[in-house]
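2 protein chains.
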Amino acid sequence: MFKLFFTHINQKVSLTAAEQNEVKTYFTPKKLRRKQYLLQEGEVCRYLAFVEKGVLRSYNVDAKGGEHMIHFALEGWWMADTYSFLSGEPSNYNIDAIEDAELLMITLEGFEQMMVQVPRMERYFRILFQNNIISKERRLISSISYSAEEKYIRLAESNPQLMQRIPLHLIASYLGITPETLSRIRKHLSQKK
Amino acid sequence: MFKLFFTHINQKVSLTAAEQNEVKTYFTPKKLRRKQYLLQEGEVCRYLAFVEKGVLRSYNVDAKGGEHMIHFALEGWWMADTYSFLSGEPSNYNIDAIEDAELLMITLEGFEQMMVQVPRMERYFRILFQNNIISKERRLISSISYSAEEKYIRLAESNPQLMQRIPLHLIASYLGITPETLSRIRKHLSQKK
DNA sequence: CGCGGGTTTGATGATGCTCAAGCCCGGTGG
DNA sequence: CCACCGGGCTTGAGCATCATCAAACCCGCG
């Protein structure tokens with residue numbers, strides 16, 4: 000169950016066997032069925048989840064009922080509404096499973112304890128948060144700087160893994176365009192080659 | 000010089016007189032003229048700066064020479080390329096002054112020492128980073144979810160201070176629209192009332 | 001007074017959205 | 001085993017939004 004988990008962590012900071020055993024104690028496994036919620040708008044996000052298997056998405060819903068993708072998480076990624084998780088305020092987002100998923104979850108209390116007990120994990124999460132800020136900034140720049148086609152190309156190049164796993168209408172929402180436009184862009188690109 | 004500085008910090012965490020004196024020692028004042036750079040693309044961002052007076056902006060420049068605003072900082076705000084500052088990697092951004100400015104700057108070494116010596120400042124920056132993530136997410140959602148007019152209205156409502164200080168063509172760039180479009184939007188809104 | 005940066009205005013065209021229909025494919029029930 | 005259904009993707013026509021290009025305007029400053 001923790002195989003992928005430690006593989007990923009050890010890529011960034013290496014933990015001793017003893018530390019790994021300590022870390023394990025903070026996490027609870029959970030399975031999630033396709034379409035099942037991990038978090039619904041209005042609730043406080045109680046868990047930070049590592050995806051061992053499957054795919055999650057987070058999104059918010061606007062006044063007209065439109066869904067806007069915030070984030071996807073494939074195997075080896077983390078998922079939560081970071082803000083709600085850390086602050087304890089109710090979330091504006093929904094999180095659910097795009098495919099059946101297996102998670103490892105930790106609460107805020109566990110998280111804070113773990114930081115103290117296993118300082119290398121604090122380092123790991125610092126790196127993670129930094130990367131999170133960077134990728135959000137990239138996406139923001141992309142979304143204010145480029146045309147729909149350019150945005151799609153940039154995403155496909157920087158995140159080819161997403162293209163193989165995420166339905167296209169969700170990719171469209173992630174890019175802030177309609178599924179129809181995305182379909183035409185893909186047609187256009189395939190004709191070029 | 001440190002008046003606004005401590006007013007702002009004490010709003011989030013209150014420091015004793017002794018702590019304030021300790022904190023002061025880590026910062027260096029600096030004046031920046033209008034149009035003068037604090038950071039240029041390719042350099043490492045060596046300083047995190049608190050704005051005591053004036054206005055800064057950070058932006059990146061695309062292949063066609065277009066500027067895209069990342070962030071503004073009025074009095075009481077912080078400015079840096081957080082990623083470059085923390086990681087030591089060269090920045091893709093430029094930072095310069097929109098108006099003559101007075102700054103209080105700290106290096107990464109100073110920053111890290113300060114965290115250890117004055118734990119309350121660590122707490123302060125945790126809050127700051129959290130807020131940063133939240134506002135970036137808001138902006139992202141805004142930019143993928145709304146029309147140009149809606150984006151402008153949302154910005155004007157959430158950040159009225161910016162409207163009074165930042166030239167409109169920079170606001171337009173921040174929103175990812177052209178100055179002409181922004182001008183027409185404003186005309187349209189003023190006619191409504 | 002003249003210059004220059006910033007903002008406005010107008011005309012035109014491209015980009016992307018909306019609405020509506022059709023297609024493809026996997027899953028379900030008869 | 002086939003017929004049907006539904007979800008996701010595609011296609012097309014028409015329209016709204018926004019960008020582009022060009023020109024005029026406004027105002028503070030040298």
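Same order as they appear, the protein sequences are chains A and B.
Read in order, the letters of the first sequence are residues 0 to 192 in numbering that gives the first Met the number 0.
Read in order, the letters of the second sequence are residues 0 to 192 in numbering that gives the first Met the number 0.
Each residue gets a CB set at the ideal place from its N, CA and C atoms; glycine is no exception.
Just so you know, these numbers come straight off a predicted model, no measurement behind them.
Quick one: give me the first and last residue of the alpha helix (DSSP H) that residue i is part of.
i	result
Ile8 of chain A	2 to 11
Asn131 of chain A	118 to 144
Leu38 of chain B	Taken as a continuous stretch (DSSP letters only), Leu38 of chain B belongs to no alpha helix (DSSP H), being part of the beta strand (DSSP E) at 36 to 38.
Val43 of chain B	Val43 of chain B -> no alpha helix (DSSP H), and no H or E assigned at all.
Ile165 of chain B	Taken as a continuous stretch (DSSP letters only), Ile165 of chain B belongs to no alpha helix (DSSP H), as it is neither H nor E.
In its own chain, which residues sit with a C-beta less than 7 angstroms from the C-beta of residue i, not counting the 5 before and 5 after it?
i	result
Gln160 of chain B	Leu73
Met68 of chain B	Arg56, Tyr58, Leu169, Ser172, Tyr173
Asn91 of chain B	Glu40, Asn59
Val117 of chain A	Glu18, Glu21, Val22
Glu66 of chain B	Tyr58, Val60, Ser172
Trp76 of chain B	Val50
Would you tell me roughly how many angstroms separate the C-alpha atoms of residue i and residue j, rounded to the nearest one?
i	j	result
Ala147 of chain B	Glu179 of chain B	12 angstroms
Ser86 of chain B	Pro166 of chain A	34 angstroms
Ile176 of chain B	Ile143 of chain A	8 angstroms
Ser182 of chain B	Lys2 of chain B	37 angstroms
Phe49 of chain B	Gln112 of chain B	17 angstroms
Gly53 of chain B	Thr106 of chain B	21 angstroms
Arg33 of chain B	Arg137 of chain A	27 angstroms
Leu31 of chain A	Gln163 of chain A	21 angstroms
Phe128 of chain B	Tyr82 of chain B	12 angstroms
Glu101 of chain A	Ile8 of chain A	17 angstroms
Tyr46 of chain A	Met114 of chain B	27 angstroms
His70 of chain A	Met0 of chain B	42 angstroms
Gly109 of chain A	Ile94 of chain A	21 angstroms
Lys218 of chain A	Ser157 of chain A	Residue 218 of chain A is absent from the structure shown; chain A starts at 0 and stops at 192.
Met78 of chain A	Leu38 of chain A	11 angstroms
Gln10 of chain A	Phe4 of chain A	10 angstroms
Glu98 of chain A	Ile126 of chain B	34 angstroms
Glu88 of chain B	Leu139 of chain A	20 angstroms
Which stretch, first to last residue, makes up the beta strand (DSSP E) that contains residue i?
i	result
Lys29 of chain B	27 to 31
Gly150 of chain B	Note on residue identity: the sequence assigns Lys, not Gly, to residue 150 of chain B. That residue, Lys150 of chain B, is in no beta strand (DSSP E); its alpha helix (DSSP H) goes 147 to 157.
Thr81 of chain B	Careful: Thr81 of chain B lies outside any beta strand (DSSP E), inside the alpha helix (DSSP H) at 81 to 86.
Are there 16 or more other CB atoms within 10 angstroms of the CB of residue i, so buried, or fewer, so exposed?
i	result
Val212 of chain A	Because residue 212 of chain A is not part of the residues shown, which for chain A are 0 to 192, the question remains open.
Tyr36 of chain A	exposed
Asp61 of chain B	exposed
Glu149 of chain A	exposed
Gly64 of chain B	exposed
Ala16 of chain A	exposed
Leu188 of chain B	exposed
So what does residue i bridge to, in DSSP terms?
i	result
Ser228 of chain A	In the structure as shown, chain A starts at 0 and stops at 192, and residue 228 of chain A therefore has no counterpart that could be examined.
Trp77 of chain A	A:Phe49
Thr15 of chain A	Looking at the DSSP assignment, Thr15 of chain A forms no beta bridge with any residue, so it has no partner.
Ala100 of chain A	A:Leu31
Ile105 of chain B	B:Leu47
Pro178 of chain B	Paired residue(s): none; Pro178 of chain B is not in a bridge.
Could you name the residues of the same chain whose beta carbon sits closer than 6 angstroms to that of residue i, not counting the 5 residues immediately before and after it, in chain order?
i	result
Val12 of chain A	Arg119, Arg122, Tyr123
Arg153 of chain A	Ser141
Asp80 of chain B	Cys44, Ser90, Tyr92
Ala155 of chain B	Met162
Lys198 of chain A	Since the first residue shown for chain A is 0 and the last is 192, residue 198 of chain A is missing from the structure and cannot be characterised.
With a threshold of 8 angstroms on Cβ separation, who are the neighbours of residue i within its own chain once the five nearest residues in sequence on each side are excluded?
i	result
Tyr145 of chain A	Arg153
Tyr25 of chain B	Ile105, Gly109, Phe110, Gln112, Met113
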